[in-house]
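**Q**
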Amino acid sequence: MEHINKNRLFLASCLALITTAMTFAIRARLETVFGPEGVGLTLEQIGYAFTPAFFGFTLAMLFGGPLVDFLGIKKITWMAFVTHAIGIIWTIMADSMTSLFLATLFVGIGNGMVEAALNPMIASMYTNEKTKMLNRFHVWFPGGIVIGSLVGWLVMDVLGLSWQIMVATLFIPAIIYGVLFYGQKFPVTERVQMGISNSKMFSSIGKPLFLFMVFCMFLTAASELGTTQRIESLLKQSVEVPLLVLAFINGIMALGRMFAGQVVHKLKPAGMLLYSAIFTFIGLWLLTVTSGGMVFLAAAVFAIGVTFFWPTMLGFVAEYLPETGALGLSIMGGAGMFSVSLVLPIMGNLMDNASPGEALRTMSILPAILIIAFLGLNVYMKRSKTLKA
């Protein structure tokens, strides 16, 4: 890693992830701007308008993942910056479902390129601490959502300024990460370092363990992001300022990921995932039966559950299936975001025709399935360790 400034690259990566995360919080606040009481879209229509944030992310990761090895991390990072800028500008000018859809698509592609380039970069820079450093990097997803939630609340609810000004604040972290990346030497991906061939990489993504993790990623991501992305509508009957609940959830997540190293050491990735599924299930169930101040207690349990989901899923693949390379990490991230693009309109339909509580009850089925799946994963990992011993 000579001539590579790891600290500067890691800092720039964190700011790129802050930009990504702030888009999630600010988009959650835009739900009321474009909803029935604002522009006049139904909650189901908003669900469709927001889906490109997730399938755009998926497309960027699935195409960007293999391209990271061929074009290099640097080029994919700059693609992220350009598409972020286009998406932010277009969002500011959005005035209909179509324009919001297209703006969200570019933001989603930018977010996907960030993950496609920077997850493998961090895995290649910190080969002996992958799960720990990926968790530390992903501190800034919930951290950025806290920042975005507080910015949205401050700009619109406290200062009474326009939603366009709220969206424009995204330029602050975006410009900073662009400046920090400018002129830097980037590492090659770990797969390239290890000399693993393309054919071995492509065959590795067909392994049963990898396919199992992709299936689980569908459920972990939908449990976390499906819930937090629609927090305004889900909790508007239970609490006065749902965006502050979102900030609270993500504050807990940021703290948890900061200290992930000790948890990884004690539980190992498979154990972390099982405990995460249990707490997520309990948290979602509690959110269906609480209101007022008790919502924050339910939200805390839910937050403890989802804290380690995303980075530990990636860390597990990077640690136990390194031959899948940047493509494997991108497929994981892409699967997670694609699942959210499917679940958002379903949740919108449930809230339009039933109730927010009904939508949360339906969502709690996902971590219930994960509890069984991760129990099986723990048994499998212990058995394979015994066989190798």
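Add 646 to the 1-based position in the sequence shown for our numbering, that's all there is to it.
Positions of the beta carbon are idealized from the N, C-alpha and C atoms, including for glycine.
Kindly indicate which three-state DSSP category His649 falls into: helix, strand or coil?
**A** Coil at His649, not helix or strand.
**Q** Quick check on His784: does DSSP put it in helix, strand or coil?
**A** Coil.
**Q** Please report the straight-line C-alpha distance between Val885 and Leu663, rounded to a whole angstrom.
**A** Distance between the alpha carbons of Val885 and Leu663: 29 Å.
**Q** If distances are taken between C-alpha atoms only, which option among Leu892, Val801, Asn774 and Ala868 comes closest to Gly634?
**A** This structure leaves residue 634 out entirely; the chain is present only between 647 and 1035.
**Q** Below 8 Å, how does it come out for the segment 919-933 and the segment 944-953: are there three or more Cβ pairs, yes or no?
**A** Contact between the segment 919-933 and the segment 944-953 is present, because at least three Cβ pairs lie under 8 Å.
**Q** Can you have a look at Val825 and say buried or exposed, based on whether 16 or more other CB atoms are within 10 angstroms of its CB?
**A** Exposed, since its Cβ has fewer than 16 Cβ neighbours within 10 Å.
**Q** Nearest to Phe700 by alpha carbon, out of Asn844, Pro991, Leu1021 and Val785?
**A** If we check each option's Cα against that of Phe700, Pro991 comes out closest.
**Q** If you measure between the beta carbons of Leu865 and Thr873, is that distance less than 8 Å?
**A** It is not a contact, given that the beta carbons lie outside the stated cut-off.
**Q** Buried or exposed for Phe927, going by 16 or more other Cβ atoms inside 10 Å?
**A** Phe927 is buried by the Cβ-count criterion.
**Q** On the criterion of 16 or more Cβ atoms from any shown chain inside 10 Å, does Arg876 qualify as buried, or is it exposed?
**A** Flag for Arg876 reads buried.
**Q** Short check: CB of Thr835 to CB of Gly971, under 8 Å?
**A** For Thr835 and Gly971, yes; Cβs fall inside 8 Å.
**Q** Out of curiosity, what's the CA-to-CA distance linking Ala658 and Ala1000?
**A** Going by the C-alpha atoms only, they are around 44 Å apart.
**Q** Closest to Leu796 by C-alpha separation, out of Pro833, Ile895 and Phe858, would be which residue?
**A** Among Pro833, Ile895 and Phe858, the Cα nearest to that of Leu796 is on Ile895.
**Q** Evaluate Ile791 with the Cβ neighbour count: other Cβ atoms within 10 Å of its Cβ, from every protein chain shown; 16 or more gives buried, anything less gives exposed.
**A** Buried.
**Q** With burial defined as no fewer than 16 other Cβ atoms inside 10 Å of the residue's Cβ, what is the status of Ile977: buried or exposed?
**A** Classification for Ile977: buried.
**Q** Using a Cβ-Cβ cutoff of less than 6 Å, which residues in the same chain neighbour Ala695 once the five nearest sequence positions on both sides are dropped?
**A** Cβ within range, chain order: Met743, Leu746 and Phe747.
**Q** Check Arg673 in the structure and name its three-state DSSP category.
**A** Helix at Arg673.
**Q** At what residues does the alpha helix (DSSP H) containing Asn844 begin and finish?
**A** That run of the alpha helix (DSSP H) goes Asn844 to Ser850.
**Q** Please report the residue range of the alpha helix (DSSP H) in which Asp998 lies.
**A** It spans Gly971 to Asn999 - the alpha helix (DSSP H) in which Asp998 sits, taken as one unbroken run.
**Q** Quick check for students: name the residue ranges of the alpha helix (DSSP H) that lie wholly in the segment 884-927, counting only runs of 4 or more.
**A** Counting only runs of 4 or more, we get 888-904.
**Q** For Met1009, collect the residues of the same chain with a Cβ closer than 7 Å to its Cβ; drop the 5 residues on either side in sequence, then sort them by chain order.
**A** Closer than 7 Å at Cβ, skipping near neighbours: Ser869, Gly872, Thr873 and Leu930.
**Q** Rank Val860, Met1027, Trp956 and Val941 by C-alpha distance to the C-alpha of Asn765 and give the top, closest one.
**A** Residue Trp956 is the option with its Cα nearest to Asn765.
**Q** Go to Ala690, then tell me how far its alpha helix (DSSP H) extends in each direction, as first and last residue.
**A** The sequence shown places Glu at residue 690, rather than the Ala named in the question. That run of the alpha helix (DSSP H) goes Leu689 to Phe696.
**Q** Which value, in whole angstroms, describes the spacing of the CA atoms of Ala671 and Ala900?
**A** The alpha-carbon atoms of Ala671 and Ala900 are separated by roughly 15 Å.
**Q** Do Ala906 and Asn781 count as a contact pair if the criterion is CB distance below 8 Å?
**A** For Asn781 and Ala906, yes; Cβs fall inside 8 Å.
**Q** Taking 7 Å as the limit between beta carbons, can you name the residues of its chain near Pro682, skipping five residues before and five after?
**A** Closer than 7 Å at the Cβ level, and outside the excluded window around Pro682, lie Thr688.
**Q** On a Cα-Cα basis, can you pick out the residue from Phe752, Gly961 and Tyr823 that is closest to Lys914?
**A** Minimum Cα distance to Lys914 is reached at Gly961.
**Q** Helix, strand or coil: which one does DSSP assign to Thr866?
**A** If DSSP states are grouped into helix, strand and coil, Thr866 belongs with the helices.
**Q** Is Gln810 buried or exposed, if buried means 16 or more other CB atoms sit within 10 Å of its CB?
**A** Label assigned to Gln810: exposed.
**Q** Taking just the CA atoms, how far does Met759 sit from Met707?
**A** Met707 and Met759: Cα-Cα distance of roughly 6 Å.
**Q** Out of Glu775, Leu1016, Met771 and Val785, which has the shortest C-alpha to C-alpha gap to His649?
**A** Measuring from the Cα of His649, the nearest candidate turns out to be Met771.
**Q** Smallest Cα separation from Gln830: which of Ile1011, Asn653 and Ile1015?
**A** Per the Cα distances, Asn653.
**Q** Which of the three DSSP states is assigned to Thr723 in this structure?
**A** Helix.
**Q** Of the residues Ala674, Trp724 and Asn651, which one's Cα is nearest the Cα of Ala893?
**A** Considering only alpha carbons, the answer is Ala674.
**Q** Asn757: buried (16+ other C-beta within 10 angstroms of its C-beta) or exposed?
**A** When all chains shown are included, Asn757 counts as buried.
**Q** Looking at Trp736 and Phe716, is the spacing between their C-beta atoms short of 8 Å?
**A** Cβ atoms of Phe716 and Trp736: not closer than 8 Å.
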